[in-house]
Amino acid sequence: MENLVALYAVAESQGPRLEEIPVVRDFPDVFLEDLPGLPPPREVDFIIDLVPGTRPIAIPSYRMAPRELEELRTQLKDLGEKGFITPSMS
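Numbering (this note's numbering), first residue to last: 3 to 92.
Shown next as structure tokens:
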């Protein structure tokens, strides 16, 4: 049998770059490159009302392309270092 090698390429987005979008260009202070921290405490906190007797949905993660997985790890590390997320204790 022949051994076949499958190659794939990730196509670059053909849409406009972020800095080319008018609203992003006109309001650069709203669209920050990096988040400075968590928002200040609010008068009303956001709550999710849970239904008694329900459990969280546990499903296995799906496979990702190596590049996609590396991007996920980079973002999780960055958000963890900033204190936006913490490891699950469940």
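Quick reminder that beta carbons are idealized off the backbone N, C-alpha and C, glycines included. Since the structure is predicted, the reported quantities are computational estimates derived from the model, not experimental observations.
In this structure, DSSP gives residue 19 a state outside helix and strand, which the three-state scheme calls coil.
In this structure, residue 86 sits away from residue 20, with a CB-CB distance that is not shorter than 8 Å. DSSP, reduced to helix, strand and coil, places residue 82 within a helical segment of the structure shown. Where residue 65 is concerned, there is no enclosing alpha helix (DSSP H), because DSSP gives it neither an H nor an E.
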